[in-house]
Each structure stands twice: as structure tokens, then as C-alpha cells.
Amino acid sequence: MSFVPETRRLFDDLADTAFADLKAGEALSLQLSAEDQTYVRFNDSNVRQATAVLQRNLALTFQWAGRQVTFTFDLSGHLDHDRALLRSWLERARREARTLPEDPFAVPLQDHGTSEHEHSGTEPDAAAAVKAIARVTQGTDFTGLLAAGPQVRAVRNSAGLNHWFSTASLWVDYSLFTTNASGDNKAVKGRFWGPAWDEDRFQAVLAADKARLAFLKRPARPIAPGEYRVYFAPAAVAELIAMFSWGALSYRAYRDGNCPLKRLIQGEVGLSEQFTLKENFCLALTPRFNSLGELPPVELMLIEKGQLKNLLVSSRSAKQYGVPSNAADPSGWFGEHLRAPELMAGNLPETEVLNCLGTGLYVGNLHYLNWSDVQAARVTGMTRYACFWVENGEIAAPINDLRFDDSLYRLFGSALEALTRESPIHPAIDTYHCRALGGSKIPGALVGTFRFTL
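Going by this note's numbering, the sequence shown opens with residue 7, and the numbers climb by one from there.
What follows is the structure, given as C-alpha cells:
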């Protein structure tokens, strides 16, 4: 039996066993995260490390008399062993719950229905991808990581809720390195993603990155601190949109006084009419159900034409503050956060980006972003990889890394001139503990002025 159906049979058996063992007044939720992945690391176009990872992790949430306790542990895949393991954790949860104070904002487990979404299809051919990558990248300093295989997320609870999501896909996160005429190390960052390996499409992506790599061989142009006209490529905009998950659209963060978009929420300022951001689970990059098994709207408008429409509200926040929930997931590092963001595209063709930029900076990637002033929605970070000085619509020279510090109110407000017509998918590539699910759909952005500090 293959990984996905085998995992489903195991999960259902464990859930049925655990729910049957519950006593009066007890409630239980089981949340599954599982993967069967091939990870391959490349260096200088050669395979340097190949690893197979098969793991199943179970989160047990136990409720009793207004108390709640959660434990997570790994499953072995052997039914008898995992049954005994689950029962031992359930007993420990009972003991722990009796030592805890009552949680006034704990959300009782409920039956939020059932759903089943399997996007697996044919699993991507990792072996074919590895051979092709090693062959077509010869002659370049290609370094990167490939991840391929099926992933599962599921949740069941003793109230009857039952949601299942499985998918299979492949991504290659890579860099092409070179040394420019000044002796500086430079790199182009690239990413290939899809439900299956497609050599022709990979070669097209690689060819575009090689073309940018040629410009990086030129001597770097020193850039003084100041304000510049800037084009942010989609990958750079995706990093900026990710900051909206750092409390910017969280109802709890707003009520706690830590929300960077407080002035937008209160109607004191607006963003550009070109800026429309929504949650869109039709992208099918992540399960629609959250960690509690609740189902948010398939599409939830957050900011429409620069005006706030909704904040992300978890059921816990709803209970605490007496407001309606939209089933936001409260389990992220920063609380209520974006899970399937889409920034609506504009009308600027990518082929016209340099002409419309004229003279200014082309920023391919950003990293190390953080808030520099939460109350003013100011973000700081660094440029990275393929960033260029552009003159009269033509790339003139690469630049050295720059730090920036500016407000989202200006970036996506008064300074936003255009968004690109093309809007690629940016898959999540985190591999902490397991391969992440999720991603975003984000276009590029042309900005009239942006502040760089060094």
C-alpha cells in the first residue's frame, strides 16, 4: 500500500481507538502531519546529499472541564505500537489537565463537518528531476535543494469532525553563482515548482536566470543611501506581503495594541486603490481547514482597493472579545496569520518593467525583514541576489547589498505606481521539522520612491 492510503488507514484506526477510550466529559482532537519526501542537495551542479524522509506526527488536544492540554509525538507506522503510544499520551493528558486552571477562552471542540481533498495524482519523479538538473546545469555553479513527494494534513475530533488533505509536488530552490569583474561573489536566486517534473519548463526558468547572471559579471555600482525609484520582482514583493502575517492583519494583535496596520484599520490612512489582498484557498496550496478543523471562507477579502475589509479572527479571539470568527488559524508563530494570500495582479506587462522603471533599482529578492517601527508599519531588511541599477530602461550594473527602511503605508500606498500582469505562485519552502505546505500568489510592483539607508 502506498504512503497516502496507508497513512489514512493508520490515522483513522488510531482516531477510532482513542475516541472509544474517552470518558464522560472528555473531548479529544487529533491533528496529523505526514510526509514521504525525497530531499536532494546540489553543489556545483553535482549531487552532494540525498535523503529520504518518511515521518508522521500526531498532535493530541485533550479537553476536560474547561481545561485543555496539547501534546505532539511521532508515530512509527506500526499500528499496535502507535495504539499503545496514543493511549499512554491520552493518560498523561488526563493527569496534566487535572493540574491546570480553567481556561476561560478555550474553544470547545465542535463538529465542523467533513471534507476530503486529494491533489496527489501522479507523484513527481524525483529521480528524473535529479538526473535532468545535473545534466542541464553543467557549466554553471548551480547550488540548491530539491524536495519531492506526498504530504498529508488531517484532523479529526470526538465531536465528529473529519477533514483530510493530501497533495504531492516538487520544488527546486537554487542559486547560480558567479564572480564579477570586481572580484565580488554574486548570485541569481531561482525557484521551480509544480505538481510534476517538467524539464522543458525548468530549462526555460533556468535560461532566464542565466541571462540575469550575465549582468552580474559587470562591476558593481555603488549606491548611496537615499530614496530611489524601484521595481520589486514578485519574489521580493512576496517577502513584503509575508510581513502582513506578523500581526498586521490579526484581530488579536489589534486588540493587544501590537498591530502594524492600526491606522489603516481605524480609517486614518488608506493604501493604493491598486492594492487588493485576499485569502484564496482555491489556490489549493494548503488545506482550507485550520488546526481546529474549522473551515474559513474559500475566499476572504482582507484589503480591497486600499481599504480594510476584514481582519483575521480566530475562534479563541472571537470568544475573548465577543466578535464573529472567520476561522483564522491561531497556531502560527505570530498568531492569526495569512495561509493562502493572493495579491491581485495589475496591468503592467513584465516585458515593460524596465522601460517603465526608467532609471532606478531593480530588486530581485529581499531577506531578513522585520518591523523597525510597528506603530508606523515600517519594515527594514536587506536586498539580496540579483539586484541591479537601471538607466534609461536598461540594466547598467549590479549593486551591492543595501538595507532599506520604509513604511508599508507608502510602499503599498502613495508610492505604488503599478503591479505586474503576471502573478506567479511562490510555494512555501520551509523544511523546519517537516516540509511546509502553503504559499502565495504575488505580482511584481513598481514603486515611485523607496528609502534605502546604506
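For every residue, glycine included, the Cβ atom is placed at its ideal position computed from N, Cα and C. Given the structure is predicted, the values throughout are model-derived calculations rather than measurements.
Alpha carbon to alpha carbon, how far is residue j from residue i? Give it in angstroms, no decimals.
i	j	result
Ala-230	Phe-410	12 Å
Glu-305	Ala-290	12 Å
Leu-2	Leu-360	Because the chain in this structure spans residues 7 to 460, residue 2 falls outside the shown range and cannot be described.
Trp-70	Leu-115	11 Å
Glu-97	Trp-170	26 Å
Arg-89	Gln-61	16 Å
Pro-225	Tyr-415	34 Å
Ala-26	Gly-299	20 Å
Tyr-374	Leu-222	22 Å
Ala-346	Gly-83	30 Å
Phe-418	Cys-265	17 Å
Leu-106	Gly-341	22 Å
Val-385	Arg-101	45 Å
Leu-367	Asp-109	52 Å
Val-236	Cys-440	36 Å
Gln-313	Leu-283	10 Å
Thr-149	Thr-67	41 Å
Asp-215	Leu-372	17 Å
His-343	Thr-173	22 Å
Leu-36	Asp-117	13 Å
Ser-175	Ile-435	12 Å
Leu-20	Leu-38	11 Å
Leu-152	Gly-145	19 Å
Thr-78	Ala-40	13 Å
Thr-57	Thr-357	40 Å
Ala-132	Ala-99	41 Å
Is it right to say residue i is buried, meaning 16 or more other beta carbons lie within 10 angstroms of its own, or is it exposed?
i	result
Ala-210	exposed
Gly-273	exposed
Val-6	The displayed coordinates of the chain run from 7 to 460. Any statement about residue 6 would go beyond what the structure contains.
Ser-188	exposed
Leu-318	buried
Asn-52	exposed
Lys-447	buried
Asp-335	buried
Ser-94	exposed
Arg-14	buried
Thr-44	buried
Ala-154	buried
Gly-399	exposed
Asp-86	exposed
Gln-381	exposed
Phe-111	exposed
Asn-296	buried
Thr-292	buried
Gln-55	exposed
Ala-24	buried
Glu-348	buried
Thr-365	exposed
Ala-220	exposed
Measuring alpha carbon to alpha carbon, tell me which of the options ends up nearest residue i.
i	options	result
Ala-65	Asn-286, Thr-76, Ala-99, Val-243	Thr-76
Asn-63	Thr-57, Asp-42, Phe-48	Asp-42
Leu-182	Gln-37, Asn-49, Tyr-45	Asn-49
Asn-406	Tyr-257, Val-369, Val-113, Ser-251	Val-369
Ile-431	Val-243, Val-236, Ala-103	Val-243
Leu-460	Ile-435, Ala-241, Met-388, Leu-443	Met-388
Gly-253	Ser-320, Arg-207, His-123, Arg-457	Ser-320
Phe-458	Asp-412, Leu-344, Asp-190, Ala-132	Asp-412
Leu-246	Gly-450, Ala-333, Lys-325	Gly-450
Glu-423	Tyr-391, Gln-280, Cys-288	Gln-280
Ala-444	Ile-309, Leu-267, Val-136, Asn-286	The sequence given here has Gly at residue 444, not Ala. Among Ile-309, Leu-267, Val-136, Asn-286, the Cα nearest to that of Gly-444 is on Asn-286.
Phe-9	Glu-32, Val-59, Arg-47, Gly-31	Val-59
Pro-240	Gly-166, Pro-355, Thr-185	Pro-355
To which residues does DSSP link residue i through a beta bridge?
i	result
Ile-309	Leu-283, Leu-314
Phe-77	Leu-66
Cys-393	Val-369
Thr-149	Ser-181
Leu-425	Ala-451
Lys-195	Ser-181
Ser-35	Thr-67, Asn-163
Arg-235	Paired residues: none, contrary to the question.
Met-388	His-373, Arg-409
Arg-227	Ile-405
Trp-170	Glu-122, Ala-160
Tyr-257	Beta-bridge pairing links Tyr-257 to no other residue.
Leu-60	Asp-42
Val-53	Phe-48
Since residue i and residue j should fall inside the 8 Å C-beta cutoff, what is the C-beta to C-beta distance between them, to a whole number of angstroms?
i	j	result
Arg-162	Asn-168	5 Å
Gly-454	Ala-402	In fact, because the Cβ distance is near 20 Å, the residues do not count as touching under 8 Å.
Ala-134	Trp-203	5 Å
Asn-353	Arg-294	Not really, about 30 Å apart at Cβ, beyond 8 Å.
Leu-34	Ser-164	5 Å
Arg-227	Trp-395	4 Å
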